[in-house]
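Residue numbers (the numbering used here): 29 to 399.
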């Protein structure tokens, strides 16, 4: 079977989807020496695994979410004469009519359809992009041979949002993501504040980071020696949050640290030295960063929203992401009651055993084989 995988979004520097694609490829090359694979990249990555003879690379200089992607990609795909194409994101070209599998990670744009969640301030541009997004994802969902959801919550969300029949919903398969081990439990420490809460992830509005910062400011009144460290890719949303924080809380700027992007070889030290990892998100399709934190023994404070209780199970202390006093109470508990932090740490080590990139790639390969 000839399988094409669209890997134009690749590597952790472009976020969770890039990591997902990277790990899928790294595991597939280990377990499938039979099928023929053509891997589409925007440009050749520097950090590719060693590719066996049945894996080939095709460069397609088409940026994702563009009109060019919609027009040019179908011609490229038809020229490759694939038996099956895997799109690891919803951006399936509307004019491609071949057999395909699509991974839908979440429906965030349908939940937060506001200009605040976009880099565009112009009404016309935003409305066009939102219309285009809905058209593309609806087309992908209804035309797909199979759909991968990354959680049962995500599967149910798809069924409900697109009003899918029982027969239609049968093509949705749940395949959990894996977690990336960021170092040994004895990773060397780097110089960090003694007491801090940690957030790792992007700064999109649904991540609810303004809420987290407001709660931390109140927490700091009683605990002035604490810091809040925010790690994430420096983009429009990250810089906007940084500016808003400096304007709204000028007296507290020294206790709120915007680090930017941190490579995996250093990220483990932040996780290990944090008093807790805080995840205030209003909506997630899976929730990878808190699992990474669990793998290094970091206690988790998580919002009780969307898929998070499904993914994190009993290994997190949950709070209402719309009530400041709820998170404030949990922050006090985690630093004052050592037994709670210890129990969460042990539960976390058990919870992460459910997730691995090896399992994920194996499950996806089984789906390929049914094609």
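Ideal Cβ positions, reconstructed from N, Cα and C, are used throughout, including at glycine.
* Asked: Any idea if residue 289 is buried or exposed, counting beta-carbon neighbours within 10 angstroms, 16 or more meaning buried?
  -> Against the chain shown, residue 289 aligns to sequence position 261. It counts as exposed.
* Starting from the C-beta of residue 6, find all residues in its chain whose C-beta is less than 6 Å away, skip the five residues before and the five after it, and write them out in chain order. => Nothing can be reported for residue 6, as the shown portion of the chain is limited to 29 through 399.
* To do: Specify, as a first and last residue, the run of the alpha helix (DSSP H) that residue 392 falls within.
  => Translated into the one-based positions of the chain shown, residue 392 becomes position 364. It spans 385-397 - the alpha helix (DSSP H) in which residue 392 sits, taken as one unbroken run.
* In terms of residues, what are the limits of the alpha helix (DSSP H) holding residue 326? -> As a first step, residue 326 is located in the chain shown; it is residue number 298 there, counting from the start. From DSSP, residue 326 is part of no alpha helix (DSSP H); its letter is neither H nor E.
* Just the Cα atoms here: how many angstroms apart are residue 395 and residue 129? -> Sequence index remark: in the chain shown, residue 395 carries index 367 (1-based). Sequence index remark: in the chain shown, residue 129 carries index 101 (1-based). Cα to Cα, residue 395 sits roughly 9 Å from residue 129.
* Across which residues does DSSP place residue 34 in a beta bridge pair? -> The sequence position of residue 34 within the chain shown is 6, counting from 1. In the DSSP assignment, residue 34 forms a beta bridge with 68.
* To do: Work out the CA separation of residue 39 and residue 48 for me, nearest whole Å.
  => Here residue 48 refers to the residue found at position 20 of the chain shown. Here residue 39 refers to the residue found at position 11 of the chain shown. Cα-Cα distance, rounded: 8 Å.
* What are the partner residues of residue 259, as DSSP defines its beta bridges? -> If you number the chain shown from 1, residue 259 lands on position 231. For residue 259, which the question treats as bridged, DSSP gives the partners 228 and 288.
* Endpoints, the alpha helix (DSSP H) within which residue 160 is located -> Locating residue 160 in the chain shown gives position 132, where the first residue counts as 1. Going by DSSP, residue 160 is part of the alpha helix (DSSP H) stretching over 151-171.
* Asked: Would DSSP call residue 174 helix, strand or coil?
  -> Locating residue 174 in the chain shown gives position 146, counting from the first residue. DSSP places residue 174 in strand when its eight states are reduced to three.
* Asked: Under the rule that 16 or more other beta-carbon atoms within 10 Å means buried, what is residue 385, buried or exposed?
  -> The residue you call residue 385 lines up with position 357 of the chain shown. Looking at its Cβ environment, which holds 16 or more other Cβ atoms inside 10 Å, residue 385 is buried.
* To do: Please name the residue, chosen from 96, 50 and 83, that lies closest to residue 74 on a Cα-to-Cα basis.
  => As a first step, residue 74 is located in the chain shown; it is residue number 46 there, counting from the start. Residue 74 has its Cα closest to that of 50, out of 96, 50 and 83.
* Give the DSSP-derived three-state secondary structure of residue 79 in the structure shown. => Along the chain shown, one-based indexing puts residue 79 at 51. Coil, per DSSP.
* Asked: Once you ignore the five residues that flank residue 44 on each side, which residues in its own chain have a CB closer than 6 Å to its CB?
  -> As a first step, residue 44 is located in the chain shown; it is residue number 16 there, counting from the start. Closer than 6 Å at the Cβ level, and outside the excluded window around residue 44, lie 316.
* To do: Measure from the alpha carbon of residue 63 to the alpha carbon of each residue in 89, 70 and 33, then state which is nearest.
  => Looking up residue 63 in the chain shown gives position 35. The option with the nearest alpha carbon to residue 63 is 33.
* **Residue range of the unbroken alpha helix (DSSP H) whose run includes residue 199** => As a working mapping, residue 199 is identified with position 171 in the chain shown. Run containing residue 199: none; DSSP gives neither H nor E here.
* Taking the alpha-carbon positions, what's the residue 84 to residue 65 distance? -> Here residue 84 refers to the residue found at position 56 of the chain shown. Here residue 65 refers to the residue found at position 37 of the chain shown. Near 6 Å, if we compare the C-alpha coordinates of residue 65 and residue 84.
* Work out the CA separation of residue 209 and residue 104 for me, nearest whole Å. => Position 76 of the chain shown holds residue 104. Position 181 of the chain shown holds residue 209. Cα-Cα distance, rounded: 36 Å.
* Asked: Using the C-alpha atoms, what's the distance from residue 280 back to residue 357?
  -> Numbered from 1 along the chain shown, position 329 holds the residue referred to as residue 357. Numbered from 1 along the chain shown, position 252 holds the residue referred to as residue 280. Those two C-alpha atoms are separated by around 21 Å.
* Asked: Going by beta carbon distance, what residues of the same chain come within less than 7 Å of residue 253, once the five residues before and after it are set aside?
  -> Residue numbering aside, residue 253 sits at position 225 when the chain shown is read from its first letter. Setting aside the 5 residues that flank it on each side, residue 253 is surrounded in the same chain by 223, each with a C-beta closer than 7 Å to its C-beta; the list follows chain order.
* To do: Would you tell me roughly how many angstroms separate the C-alpha atoms of residue 362 and residue 329, rounded to the nearest one?
  => On the chain shown, residue 362 is found 334 positions in, with the first residue counted as 1. On the chain shown, residue 329 is found 301 positions in, with the first residue counted as 1. Each residue's alpha carbon lies about 8 Å from the other.
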